[in-house]
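Asks: Residue numbers (my numbering), protein chains in the order written: chain A, 57 to 219; chain B, 57 to 219. The following block contains the structure, expressed as structure tokens.
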DNA sequence: TATTGTTATACTCTATAACTATA
DNA sequence: TATAGTTATAGAGTATAACAATA
């Protein structure tokens, strides 16, 4: 355990309380990290997320977009890529001929397994930067906030004072 | 019509372990939240971060870019806006006539004070979604990760950097 | 020669709107 | 009429490269 701490990047004290800024920095770090972890598999973190959600159940494209948190037109591009790579395919839904189910191909399943290994390792690396007792709390907190609605927040600014 | 149920956003179980995806979702939430909190003041979260860092000390533009975590050309746009709004100004640095110090104007200081109130309220709202004992841990963990380097991570996959 | 600030440009990402075929 | 999927397009955001002034 190194006592000497890397101080190359000065922690800007004034921004330490800025929750939005902190999240932005950490988000960028995790994105670079996950992108690197998935590079060999030639998929991006987003493609991985879509593929993972698709494997979890038989979802239509609009469902998938809602679940992963993407615009439906943004999902289109990702799905085109995944289909092109042979990792997923659109299957007609008999009960509604407008809709399509996104299915994961065997190749996609195989890739997801390999991706899980890489991402588990990557996550462990990131969490290792935290004190042991903070890790599980951090993941739990993130999970809770990730499922939060705008509506769940107290209307701090919606009730702006009448001038 | 379907009645709006709180279950619109199902916590997608399969993605609950995806650290990168979780951060992306939470980051998006906090961005919307901070943007809303700062809307009345007519500045974006990024402008606020730059202004805050500028107030913290006499920094040149390249320093400021490094501290806040922006590309220097990206910072240019933000600084142009801040200067246009009369919140900050570029001042020549006598010791190095190439460089410029970014200074916060009185109007900028005043705005920062009002912003702090709004953001403190906003942050409290977000943290209120977490169990009481998780809040301080969460902030601490974020602060630690925000200061982390790529190099601090165990080299799990980082053997090959992009080009 | 290297660095600061700057501009112009290109590229990525994402959202908007419109269209089709079904319901 | 409304909805699922699709396409084309525009916009914001960001990065890349080149340039002038200074070190």
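Cβ atoms here follow ideal geometry from the backbone N, Cα and C, with glycine treated the same way.
1) I want to verify the contact list: residues of chain B whose CB lies under 7 angstroms from the CB of residue 163 of chain A, in sequence order.
2) With DSSP as the reference, label residue 116 of chain B as helix, strand or coil.
3) Of the residues A:123, A:71, A:116 and A:101, which one's Cα is nearest the Cα of residue 148 of chain A?
4) Do residue 208 of chain A and residue 185 of chain B have their CB atoms nearer than 8 angstroms?
5) Which word fits residue 57 of chain B, buried or exposed, when buried means at least 16 other C-beta atoms lie within 10 angstroms of its C-beta?
6) Which stretch, first to last residue, makes up the beta strand (DSSP E) that contains residue 148 of chain A?
7) Is the number of C-beta pairs between the stretch 125 to 137 of chain B and the stretch 85 to 103 of chain A that are closer than 8 angstroms three or more?
8) Kindly provide the ranges of any beta strand (DSSP E) runs that are 3 or more residues long and lie completely inside the stretch 158 to 199 of chain A, ordered along the chain.
9) DSSP on residue 156 of chain B, reduced to helix/strand/coil?
10) Using a C-beta cutoff of 8 angstroms, does residue 132 of chain B count as contacting chain A?
11) Where does residue 98 of chain A sit, in a helix, a strand or coil, going by DSSP?
12) Using the three-state DSSP reduction, which class does residue 203 of chain B fall into: helix, strand or coil?
13) If you draw a straight line from the C-alpha of residue 143 of chain A to the C-alpha of residue 134 of chain A, how long is it?
14) Assuming residue 105 of chain A and residue 158 of chain A are in contact, meaning their beta carbons sit under 8 angstroms apart, how far apart are those beta carbons, in whole angstroms?
15) For residue 69 of chain B, go through chain A and note every residue whose CB falls closer than 8 angstroms to its CB, in chain order.
16) Can you look up residue 210 of chain A in the DSSP assignment and give me helix, strand or coil?
17) Mind pulling the chain A residues with CB within less than 7 angstroms of residue 202 of chain B?
18) Suppose you measure from the CA of residue 219 of chain B to the CA of residue 94 of chain A; what does that come to, to the nearest Å?
19) Given that residue 89 of chain A touches chain B, what residues does it touch there, using C-beta distances under 7 angstroms?
20) Which stretch, first to last residue, makes up the alpha helix (DSSP H) that contains residue 69 of chain A?
21) Along chain A, which residues have their Cβ under 9 angstroms away from the Cβ of residue 108 of chain B?
22) Give me the Cα-Cα distance between residue 139 of chain A and residue 100 of chain B, rounded to the nearest whole angstrom.
23) Verify the CB distance criterion: does residue 86 of chain A have a CB-CB separation below 8 angstroms to chain B?
24) Applying the 10 Å Cβ sphere with the 16-neighbour rule, what's the burial state of residue 74 of chain B?
25) Grab the span of the alpha helix (DSSP H) containing residue 136 of chain A for me, first residue to last.
26) Give a yes or no on whether the minimum CB-CB distance between residue 105 of chain B and chain A is below 8 angstroms.
27) What does the alpha-carbon distance come out to for the pair residue 196 of chain B and residue 81 of chain B?
Replies: On the basis of the supplied data:
1) The residue labelled residue 163 of chain A in the question sits at position 107 within the first chain. Correct list: empty, because the minimum Cβ distance to chain B is about 18 angstroms.
2) For this step, residue 116 of chain B is matched to residue 60 along the second chain. Three-state result, residue 116 of chain B: strand.
3) In the first chain, counting from the first residue as 1, residue 148 of chain A sits at position 92. Ranking A:123, A:71, A:116 and A:101 by Cα distance to residue 148 of chain A puts A:116 first.
4) Taking the first residue of the first chain as position 1, residue 208 of chain A is located at position 152. Taking the first residue of the second chain as position 1, residue 185 of chain B is located at position 129. Contact: yes.
5) The residue given as residue 57 of chain B occupies position 1 in the second chain. Residue placement at residue 57 of chain B is flagged as unreliable, the pLDDT there being 35, under the threshold of 50; the coordinate-derived value follows with that caveat. It is exposed - the Cβ of residue 57 of chain B has fewer than 16 other Cβ atoms within 10 Å.
6) Against the first chain, residue 148 of chain A aligns to sequence position 92. Element bounds for residue 148 of chain A: 144 to 148.
7) Cβ pair count under 8 angstroms is below three, so no.
8) Counting only runs of 3 or more, we get nothing.
9) Within the second chain, numbered from 1, the residue matching residue 156 of chain B stands at position 100. Residue 156 of chain B: strand per DSSP, three-state reduction.
10) Here residue 132 of chain B corresponds to residue number 76 of the second chain, with the count starting at 1. Judged by the 8 angstroms Cβ criterion, residue 132 of chain B is not in contact with chain A.
11) Sequence index remark: in the first chain, residue 98 of chain A carries index 42 (1-based). It is coil, neither helix nor strand.
12) Position 147 of the second chain, counted from the first residue, corresponds to residue 203 of chain B. Residue state, collapsed to three classes: coil.
13) Stepping through the first chain from its first residue, residue 143 of chain A is reached at position 87. Stepping through the first chain from its first residue, residue 134 of chain A is reached at position 78. Computed Cα separation, rounded: 11 angstroms.
14) For the purposes of this step, residue 105 of chain A is taken as residue 49 along the first chain, with counting starting at 1. For the purposes of this step, residue 158 of chain A is taken as residue 102 along the first chain, with counting starting at 1. Their Cβ separation, rounded to whole angstroms, is 13 angstroms, which puts residue 105 of chain A and residue 158 of chain A out of contact at 8 angstroms.
15) Numbered from 1 along the second chain, position 13 holds the residue referred to as residue 69 of chain B. Chain A residues near residue 69 of chain B: 112.
16) Working through the first chain from its first residue, we reach residue 210 of chain A at position 154. Residue 210 of chain A carries a coil assignment under DSSP once its states are collapsed to helix, strand and coil.
17) In the second chain, counting from the first residue as 1, residue 202 of chain B sits at position 146. Near residue 202 of chain B (Cβ distances below 7 angstroms), the residues of chain A are 78, 81 and 82.
18) On the second chain, position 163 is the one that residue 219 of chain B refers to. On the first chain, position 38 is the one that residue 94 of chain A refers to. No answer about residue 219 of chain B holds up, because its pLDDT of 31 lies below 50 and its placement is not dependable.
19) The count along the first chain starts at 1 and reaches residue 89 of chain A at position 33. Going along chain B in sequence order, the residues near residue 89 of chain A (Cβ under 7 angstroms) are 209.
20) Taking the first chain and counting its residues from 1, one reaches residue 69 of chain A at position 13. Per DSSP, residue 69 of chain A belongs to no alpha helix (DSSP H) and is neither H nor E.
21) Sequence index remark: in the second chain, residue 108 of chain B carries index 52 (1-based). Going along chain A in sequence order, the residues near residue 108 of chain B (Cβ under 9 angstroms) are 68, 70, 71, 74 and 77.
22) Position 83 of the first chain, counted from the start, is the residue given in the question as residue 139 of chain A. Position 44 of the second chain, counted from the start, is the residue given in the question as residue 100 of chain B. Looking at the two C-alpha atoms, the distance is approximately 38 angstroms.
23) The residue given as residue 86 of chain A occupies position 30 in the first chain. Closer than 8 angstroms to some Cβ of chain B, the Cβ of residue 86 of chain A qualifies, so yes.
24) Within the second chain, the letter at position 18 stands for residue 74 of chain B. So residue 74 of chain B counts as buried.
25) To locate residue 136 of chain A, count along the first chain from 1; it is residue 80. From DSSP, the alpha helix (DSSP H) with residue 136 of chain A extends over 128 to 140.
26) The residue you call residue 105 of chain B lines up with position 49 of the second chain. So, interface residue.
27) Stepping through the second chain from its first residue, residue 196 of chain B is reached at position 140. Stepping through the second chain from its first residue, residue 81 of chain B is reached at position 25. If you take the alpha carbons of residue 196 of chain B and residue 81 of chain B, they lie about 20 angstroms apart.
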